[in-house]
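Quick notes on the structure that follows.
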Amino acid sequence: MLESRGISVFYGRHRALEDVSLTVSKGEIVVMLGANGAGKSTFLRAVAGQVRKRDGGSVLMDGHDITRQPAHEIVEAGIALVPEDRGIFADLTVQENLILGAYPRRARPSETENMDRVLSLFPKLGERRKQLVRTMSGGERQMVAIGRAMMSAPTILMLDEPSLGLAPLLCTELFRTLARIKDTGVGIFLVEQNARQSLAIADRGYLLDNGHIVGADSATNLANDEKVRLAYLGA
Amino acid sequence: MDIIIIGLLLGATYALMAMGLQLQYGVARIMNLANGEMLIAGAFGTFWFYTASNASPFYALIGVIPLAFAVNWAIYRVLIVPLVRRARNQGQLEVDCILATFGLSFILVGILLAVFGGEYLSYSYLARPIFILGEPYGLNRVAAFIGSLVLCLGLYLWLHRTRPGLALRAVSVNPAAAGLVSINVTRASALAFALGGAVTAAGGVLLSMFLTFDASLGVVFTLKALIIVILGGVSDIRGAILAAFILGLAETTVASLVDPGLTLAAAYLLFMAILLVRPEGLLGRRSS
Ligand SMILES: Nc1ncnc2c1ncn2[C@@H]1O[C@H](COP(=O)(O)OP(=O)(O)OP(=O)(O)O)[C@@H](O)[C@H]1O
Ligand SMILES: [Mg+2]
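Taken in order, these protein sequences are the chains called R and B. Under the working numbering, residues 168 to 402 are what the first sequence spells out, in order. Under the working numbering, residues 2 to 289 are what the second sequence spells out, in order.
Quick look at the structure:
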């Protein structure tokens, strides 16, 4: 289980995140909804060890404190991140990107299995092994990014607005894939502006506003909540 | 014809130098102005080894490569890491590194002068002709050429066929994303820098087989390396290797058809032409 306890992040004097606590367990999908600039990406970066967290808060993975671990150790702890810009190696091939996903020590023994699993999730990647990722479409790059994250055998998979820039049909496809990944026992933490589709596959959700958690409930309750409908569902 | 062959023979050693620089600048993102001194240090080491033992200078590689690796690793850890930690952005890091390694180059020249003295050195190894297409060429040049090719090929295969090699290429392509796949970027950069220095020193070992050198010659090779980087672009090792051969050919052409004193000037003319016409390098893509 991933557990954030009272995390705060400042950019200079600007407070981007204050006292955020939440949990994500194996085998569940948790979504965080928030407007532009609410601090969603900042939270993911803080957990992944890419930005400095204020003293006081902590991040635990299965009970181990990983608050001050560098980014590359956090992957070893079982947390994979697909960042907003996808974070792929554009000048390398699809296959090289996937193999790099298995670079963490934790992922090496199960590399072949994970490769099979990723290729069955995204058969298209198998056909395009030798293609440079730079020459792929947005949707295909997203597959590479998620596939690569899955190659690191994560316990928790975090995704920053994965549906961004995808056509409606691809979006539906993507959310279906995430549900299948969850069924393999991985915990998914999703940051989204596409509230309707993400709440449809999620088990629980958090609302983030201006750096604070302002709501937490089951996905069904959130989808039916009047305020949530107004703010995030446009209805 | 003989101009082309001599150019190619020379180009292979330059290609090795280019690979060293590609590792240091393309992967570790450190513009190392002490690069040429590392090369000359390799040449000095070989001179000393050959005159003392009279064994083939190729054996000097066995000592020079690990030694240069260790020295460059230490340089990265002691000198460069604090600069990387301190730098607010890539631009500042680049300026700091240029100043620091420029200073380092003087220190290295000083050490070489103190240990080996200031005179021109050369030794005679395989100084017999070998006939290629009916023309005689120095056997030592051909030996250095083959040595360079073998090292280049080995390094290329290591970079493209092994997991650590792939990790270095990943850092070169997108250092920000490398952490996401658990690559320790500081360690990978130290490895690339050390390996780059070792490769450069190995280039010095091979060059010394046919070159007369002294302690102050390093800067000339630093400049050549810079030309190759600008010419070939750092993002792609193939561009750098192509640039190395072009430089080798251009130098021999000017040296034999115009005047040997003008080789460096010619190289710079080429360099400026490329800078004006294709600033992204021969094979480089225009950055977005
Ligand atoms: N590197 C940075 N330096 C300074 N301020 C930053 C930095 N990154 C983000 N911010 C600020 O922190 C706040 C939260 O940004 P963040 O990117 O986390 O928002 P977000 O919820 O992901 O928004 P979006 O939905 O647009 O991606 C914003 O006000 C943003 O301007
Ligand atoms: Mg964001």
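Just so you know, even glycine gets a beta-carbon here, dropped at the ideal spot from N, CA and C.
| Query | Result |
| --- | --- |
| Which residue comes first and which comes last in the beta strand (DSSP E) that contains R/R296? | Here R/R296 belongs to no beta strand (DSSP E), and DSSP marks it neither H nor E. |
| Since R/F289 and R/M310 should fall inside the 8 Å C-beta cutoff, what is the C-beta to C-beta distance between them, to a whole number of angstroms? | 4 Å |
| Cβ closer than 8 Å: which chain B residues qualify as neighbours of R/A320? | Residues of chain B passing the Cβ test: none, with the nearest at roughly 11 Å. |
| What residues in the segment 180–193 of chain B have a beta carbon less than 7 Å from any beta carbon of chain R? | G180, L181, V182, S183, I184, N185 |
| Are the Cβ atoms of B/F214 and B/A44 separated by less than 7 Å? | yes |
| As a quick exercise: from B/F246, B/L276, B/A251, pick the residue whose alpha carbon is nearest that of B/M20. | B/F246 |
| For R/R235, name the three-state secondary structure that DSSP assigns. | coil |
| Can you tell me whether DSSP reads B/T14 as helix, strand or coil? | helix |
| Answer yes or no: the CB of R/K297 versus the heavy atoms of ligand 2, is any distance below 6 Å? | no |
| Cβ closer than 8 Å: which chain B residues qualify as neighbours of R/G268? | V182 |
| Does any residue of chain R have a CB that is nearer than 7 Å to the CB of B/V85? | no |
| Are R/G352 and R/L184 touching if we call contact CB-CB under 7 Å? | no |
| DSSP puts R/T260 in a beta bridge; with which residues? | R/L299 |
| Compare the beta carbon distance of R/I380 and R/V187 with 7 Å and say whether it is the shorter of the two. | yes |
| DSSP state of R/P335, grouped into three classes? | helix |
| What does R/L211 touch in chain B if you count any residue whose Cβ is under 7 Å from its own? | Those within 7 Å of R/L211 in chain B number zero; the least Cβ separation is about 11 Å. |
| Got a sec: does ligand 1 put a non-hydrogen atom nearer than 6 Å to the Cβ of R/K207? | yes |
| Is B/S289 helix, strand or coil by DSSP? | At B/S289 the pLDDT is 39, less than 50, meaning the model places this residue with poor confidence; the figure from the coordinates comes in the next sentence. B/S289 falls in the coil class under three-state DSSP. |
| Tell me which same chain residues have a C-beta within less than 6 Å of the C-beta of R/S208, skipping the five on either side of it? | E251, D327 |
| Do B/V174 and B/V186 have their beta-carbon atoms positioned less than 7 Å apart in this structure? | no |
| Taking the alpha carbon of R/I246 as the point to measure from, which residue in R/A362, R/D222, R/R273 has its own alpha carbon closest? | R/R273 |
| According to DSSP, what are the bridge partners of B/P130? | B/G139 |
| For B/A75, decide whether its Cβ has a neighbour in chain R, counting only Cβ atoms nearer than 7 Å. | no |
| For a contact meaning CB atoms closer than 9 Å, what does B/N293 contact in chain R? | In the structure displayed, chain B extends from 2 to 289; residue 293 of chain B sits before or after that span and is not available. |
| Between the C-alpha atoms of B/G37 and B/T253, what's the straight-line distance to the nearest angstrom? | 20 Å |
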